[in-house]
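J.: Let me begin by handing over the structure; questions about it come next.
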Amino acid sequence: IVEGTGYLSDGYKNVAAAWNITANEANNTFSWSSSTSAEKKVKPPRAVPEPGTLGLLGLALAGLGVKLRRKLAA
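Residue numbers 1 to 74, in this note's numbering, belong to the letters of the sequence shown in order.
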């Protein structure tokens, strides 16, 4: 009888595997069983700017452009 447990690395966190091999030469039998479990940690999504924020940024840049144009014209 051969038994064992081990840990695998396949891009997952906390991956565990267990196996059980039984071989009986007298009866010419062989059995195999295994089980695995994995836990994948998902990253939270990045923050996306709101459309209103982008609008305010555009207005600010336009205002700075108008102010610069008036300053250069004077």
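Every residue, glycine too, gets a C-beta built ideally from N, C-alpha and C.
Let's see if you can read the secondary structure: which residues bound the alpha helix (DSSP H) around A60?
T.: A60 -> alpha helix (DSSP H) spans 51-73.
J.: Identify, in the order they occur along the chain, each residue of the same chain with its Cβ nearer than 6 Å to the Cβ of T29, setting aside the five sequence neighbours on each side.
T.: Excluding sequence neighbours, T29 sits near nothing in its chain.
J.: In angstroms, rounded to a whole number, what distance separates the CA positions of A47 and R69?
T.: The alpha-carbon atoms of A47 and R69 are separated by roughly 35 Å.
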